[in-house]
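**Q**
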Amino acid sequence: MAKKLKRNRGSVKLLRVGLLWTFLIVMITVLSLVAVNIGSVKFPVSQIFKSVFSDRSLLTDEQAVIRTIVMNLRLPRVIIAILIGACLSASGALLQAVMRNPLADPGSIGVSAGAGTAAITVLLIFPNMTTALPVFAFVGAAFACVLIYLLAWQDGVSPVRIILAGVAINSVLGAYNSLLQLMNSDNLTGVLAFMNGSLAGMSWTHVRTIIIYSVLGIALAMLCIRHANALQLGDEMAKNLGVRVNAARIALSAVSAFLAAATVSVVGMISFVGLVVPHISRMLVGSDYKVMLPTSVLMGSVTLLVADTIGRTIVPGMEIPVGIIMSVCGGPFFLYMLRKRGKYNEG
Amino acid sequence: MKADNNAIKVHLVADSLEIGYGDHVIVENMDVEIRKDRITTIIGPNGSGKSTVLKAITRLIRYQKGSVMLDNRDILTMKPKEFARIIGVLPQVHSAPADFRVKELVSYGRMPHQKLLAGLNAEDERIIKWAMEATGTWQFRDKSIFEISGGERQRVWIATVLAQQPEILFLDEPTTYLDIAHQLDTMALVKRLNRETGIGVVMVLHDLTQALEISDHIIVIKNGKKYSEGTPQQVITPQMMKDVYDVDCDIITVPGREKPLIAYKQLV
């Protein structure tokens, strides 16, 4: 009996992963329905379905209002939360493979600081260009990331050098960002919203932008799986297996930076998702990126959806940016997971 | 399984290699010839550059001057995956996430043979099983790599490199962190692989007794230069031990043993 169980360990694991993925997808669906339903005004679910799915000309005035709120305010926001969560988690998971370091997140390769610098400059010095903010933020993030890799390059890119160059660049950009904020301390509303990542005011336009980036980015991330796995075995072992280690590191970092920059340019900085979600999924399903990366993607969606829904409902009449919710709830939850799953460690 | 490949004798020839970083030269004027049909061992004191030579001829690090030819082809012109199908290296430092299963780890050895998006096919599965049976690790296939002992884990790593189906297997200090039983175990495995599957073996070893016992050919390196090379009996002499290691010893022939023993004098 015991022997038989042992033989089936592989398929048992497959079944567990399948169940987990199914559970996460169901969670995303249920949470989306809940998120669409609750808010500053709460509607009965039957009313929502009626107003969304019946012919527009047959709606009562009240149903038309419901339809507008649900379709134009809440639904795009829910979709964006799902996509952003997925992108940030995938980005963090890839970087952790690149760095072979559990503390790597999109911030460590300058994505947040670079986007922040660009956004703060636009908001405070060139406010008439605010409509083009996402473009500037994306370029700023990409620029900071490239700069860090150029500085870290010495006969290849080693994780330690990337992290150290990242610390240096983050510090310089952080100083600039602080200085600019100090000099414009009476005019920081837009900056604060950007720095704390908020999904307020997301529309279908945003959805259309982010869906292209995220589908492309996540598809690219899935192509990185085998190389991410090989990098986990150490540089020399990866080289022995025929992997071009430097090229793999740069490609994986580029995909990761692309995912993070796309999100940060649309919704601002949301910390913690990229760091914590890959960890939690690693604890649940192990380090094989074939399983771990898709799990992270799904779990990131769930996480951000929960955080944003809490953020806009917990204090009536006030929105708490999702970035703040993530930091407040993510920390303790992470500690709880860490203690509960003590066996987690790096081999 | 490898018998049909025996006709092709893989040769790796390094000519006047210089290896270093910037102005700092670690190894110079190094000629090495690796023949597939034998076990070659590189020995030398700490910091002599023996691991450096192994890494340079397996493309893990760059060399500044000279050339390395594998079957008359410059190794730098070969694609990494193509090279990995002929040369398998087990580096001294390797690690894997603690949750990896033994068989999962060994399956990475198939990477050089896989297309970007392809999974493991029946042929891959067969070779993984072969590599694991050859190293006696098939029985642990579903265990996590940290549930097994250090010696067993070392055999799993050797299985991983073996799953690459290399013509020559390079092992950098494969016994360093193992207790004596596991060291002998690993050496026996290496010898068996060479004799039974015809795979060429190149090792860096610290233990001279083991080097003497197992090698067909030994290369001695001192201060980044080749001191001598030849069969174990030709190379391991009291003079070499004095010159290279600054150790006094006798080389003693024992009746009933094929190879002589090293008797160190300083401890007496």
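Chains C and Z, in that order, give the protein sequences. 68 is the number that numbering that gives the first Met the number 0 gives to position 69 of the first sequence; each next residue is one higher, with no gaps. 37 is the number that numbering that gives the first Met the number 0 gives to position 38 of the second sequence; each next residue is one higher, with no gaps. Idealized CB from N, CA, C, for every residue including glycine. Note that the structure is a prediction, hence the values are computed from the model and not measured.
1) Taking 8 Å as the threshold (C-beta atoms), are Z/D184 and Z/G150 in contact?
2) Spatial neighbours of C/F257 within its chain, please: C-beta separation below 7 Å, excluding the five flanking residues on both sides.
3) With a threshold of 7 Å, establish whether the CB of Z/I18 neighbours any heavy atom of the ligand ADP.
4) Closest to C/S197 by CA distance: which of C/L230, C/L274, C/I249 and C/I269 is it?
5) Look up Z/R152 in the DSSP assignment and say whether it is helix, strand or coil.
6) What does the alpha-carbon distance come out to for the pair C/A414 and C/C144?
7) I think C/A89 touches C/S264, with their Cβ atoms under 8 Å apart; what is that distance to the nearest whole Å?
8) Buried or exposed for Z/R72, please, with buried defined as at least 16 other CB atoms from any protein chain shown within 10 angstroms of its CB.
9) Establish whether the CB of Z/E103 and some CB of chain C are separated by less than 8 Å.
10) Mind listing the chain C neighbours of Z/T110? Cutoff is C-beta to C-beta under 8 Å, in chain order.
11) Would you mind sorting Z/D98 into buried or exposed? The rule is 16 or more other CB atoms within 10 Å of its CB.
12) Determine, for Z/G150, whether the minimum Cβ-Cβ distance to residues of chain C falls below 8 Å.
13) Nearest chain C C-beta to Z/I38 closer than 8 Å, yes or no?
14) What three-state label does DSSP hand Z/T252 in the structure shown?
15) Any beta carbon of chain Z sitting closer than 8 Å to that of C/G17?
16) At which residues does the alpha helix (DSSP H) containing Z/K80 begin and terminate?
17) In the stretch 270–288 of chain C, which residues sit with their C-beta less than 7 Å from some C-beta in chain Z, listed in chain order?
18) Output needed in chain order: residues of the stretch 185–208 of chain C with a Cβ under 8 Å from some Cβ in chain A.
19) Per DSSP, Z/H23 forms a beta bridge with which residues?
20) I'd like to check one pair, C/I37 with C/T302: are the Cβ atoms closer than 8 Å?
21) Listed in chain order, which residues of the stretch 94–116 of chain C have Cβ atoms closer than 7 Å to some Cβ of chain Z?
22) Among the residues of its own chain, which have a CB less than 6 Å from the CB of Z/N193, if the five just before and after it don't count?
23) By DSSP's criteria, Z/M29 is part of a beta bridge. Which residues make up the other side?
24) Classify C/V159: buried if its beta carbon has 16 or more other beta carbons within 10 angstroms, exposed otherwise.
25) Which residues of chain C have a Cβ atom closer than 8 Å to the Cβ of Z/H93, listed in chain order?
26) Between the Cα of Z/A262 and the Cα atoms of Z/V26, Z/I235, Z/S143 and Z/G255, which residue gives the shortest distance?
27) Compute the distance between the beta-carbons of C/A237 and C/A229, then report whether it is under 8 Å.
28) Keeping to the same chain, check which residues put their C-beta closer than 7 Å to that of Z/T159; ignore five residues upstream and five downstream.
29) If C/E235 sits next to Z/L59, beta carbons under 8 Å apart, how far is it from one beta carbon to the other, in whole angstroms?
30) What residues from chain C crowd round Z/P79, counting only those whose CB sits closer than 8 Å?
31) By how many angstroms is the C-alpha of C/L337 removed from the C-alpha of Z/Q113?
32) Following the continuous alpha helix (DSSP H) through Z/M202, name the residue where it begins and the one where it ends.
33) In the structure shown, what three-state DSSP assignment does Z/E124 receive?
34) Looking at the unbroken beta strand (DSSP E) that takes in Z/H216, where does it start and where does it end?
35) Measuring straight from C-alpha to C-alpha, what distance separates C/T188 and C/L72?
36) Does the separation of the CB atoms of C/V110 and C/A80 fall below 8 Å?
**A** According to the data block:
1) yes
2) G216
3) In terms of ligand content, the structure shown is empty, and the ligand ADP therefore cannot be addressed.
4) C/I269
5) helix
6) Only positions 0 to 346 of chain C appear in the structure, and residue 414 of chain C is not among them; the question remains open.
7) Incorrect: roughly 16 Å between the Cβ atoms, too far for contact.
8) exposed
9) yes
10) Looking at the sequence shown, residue 110 of chain Z is not Thr but Met. The answer, in chain order, is R225, A229, L240, G241 and V242.
11) buried
12) no
13) no
14) coil
15) no
16) P79 to A83
17) G285, S286 and D287
18) The chain labelled as chain A is not found among the protein chains of the depicted structure, namely C and Z.
19) Z/Y20
20) no
21) none
22) I38 and V200
23) Z/L16
24) exposed
25) L232, G233, E235 and M236
26) Z/I235
27) yes
28) L104, V105, Y107 and G108
29) 5 Å
30) K238, G241, V242 and R243
31) 36 Å
32) No alpha helix (DSSP H) holds Z/M202; the beta strand (DSSP E) holding it covers G199 to V203.
33) helix
34) H216 to K221
35) 21 Å
36) no
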